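Enquirer: This is the structure, below, for whatever I ask next.
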Amino acid sequence: AQSVSQHNHHVILSEAASLELGCNYSYGGTVNLFWYVQYPGQHLQLLLKYFSGDPLVKGIKGFEAEFIKSKFSFNLRKPSVQWSDTAEYFCAVNTNTGNQFYFGTGTSLTVIP
Amino acid sequence: DSGVTQTPKHLITATGQRVTLRCSPRSGDLSVYWYQQSLDQGLQFLIQYYNGEERAKGNILERFSAQQFPDLHSELNLSSLELGDSALYFCASSVGIAGRRNSYEQYFGPGTRLTVT
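Protein chains in written order, with our numbering: chain A, 1252 to 1364; chain B, 13 to 129.
Right, dumping it as structure tokens:
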């Protein structure tokens, strides 16, 4: 079965620090990749998505992610985090052979002012 | 606001009871997904409907069932509730069926927080 791994469970950063959250998936075929963010008390919102083309995708709020097919990875990055980025971040994968979306267990990011 | 609505926002009930959670997808979306989010399990996919038909099943217990109605709203029925069913239940919708090359992202509702006492 397909799975999504987010290795960082909790990340604490100071404002202006750079962020990289890891996401790896296990599926050998074509995938569609997503990062969602869940701010405290809110629902999940789409940050960015990759379907095809340029493996470096840019999303909202200055986030970007790079798809590295050979590493089965889709890591999320932001050059300079802000206090308002404090949230839970979820990586998700959808394959072209199924109807399911597979979510990682999430990474809790706390940004200290 | 994603355009997906869920009711109720909060639900407190006792063990053994049955509850129904409701979801209205974004206008034009045919696909509805249900997820359970708990502290220890993360976000677990339960079930997906497309235009009234069940399309995919995830980690959904036999005590749980769902359906999608002709107006495309969906209901998740949870019965014989146990303490461990306490969680946040999210509904998401998308335009079409996931798995196609131009797959569509999901838009999530605000969730229903279920507390079983």
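Think of the CB as a built atom: it goes at the ideal place given N, C-alpha and C, for glycine as much as any other residue. Note that the structure is predicted; figures quoted are calculated from it, not measured.
Mind checking which residues open and close the beta strand (DSSP E) that includes G1260 of chain A?
Expert: The question names Gly, yet the displayed sequence has His at residue 1260 of chain A. No beta strand (DSSP E) holds H1260 of chain A; DSSP gives it neither H nor E.
Enquirer: For L100 of chain B and Q1351 of chain A, what's the separation of their Cα atoms in angstroms?
Expert: One C-alpha to the other measures close to 19 Å.
Enquirer: Select from A:L1264, A:S1265, A:V1262 and A:F1285 the residue whose C-alpha is nearest the C-alpha of F1318 of chain A.
Expert: Comparing Cα positions, the closest option is A:F1285.
Enquirer: Could you have a look at K1312 of chain A and say whether DSSP puts it in helix, strand or coil?
Expert: Helix.
Enquirer: Can you tell me which of B:E117, B:S105, B:V107 and B:S91 puts its alpha carbon nearest to the alpha carbon of L126 of chain B?
Expert: Here the closest residue by C-alpha is B:S91.
Enquirer: With 8 Å set as the bound, which would you pick, yes or no: does the beta-carbon of L55 of chain B sit closer than that to a beta-carbon of chain A?
Expert: Yes, its Cβ sits closer than 8 Å to a Cβ of chain A.
Enquirer: Would G40 of chain B pass as an interface residue toward chain A - the criterion being a Cβ-Cβ separation below 8 Å?
Expert: With 8 Å as the cut-off, G40 of chain B does not count as an interface residue toward chain A.
Enquirer: What residue from A:I1263, A:F1314, A:S1277 and A:A1267 has the CA that sits closest to F1354 of chain A's CA?
Expert: That would be A:S1277, whose Cα lies nearest to the Cα of F1354 of chain A.
Enquirer: Would G1273 of chain A count as contacting chain B if we go by Cβ distances under 8 Å?
Expert: So no, G1273 of chain A is outside the interface.
Enquirer: My output table needs one value for L1299 of chain A: the three-state DSSP class, helix, strand or coil.
Expert: Of the three classes helix, strand and coil, the one that applies to L1299 of chain A here is strand, per DSSP.
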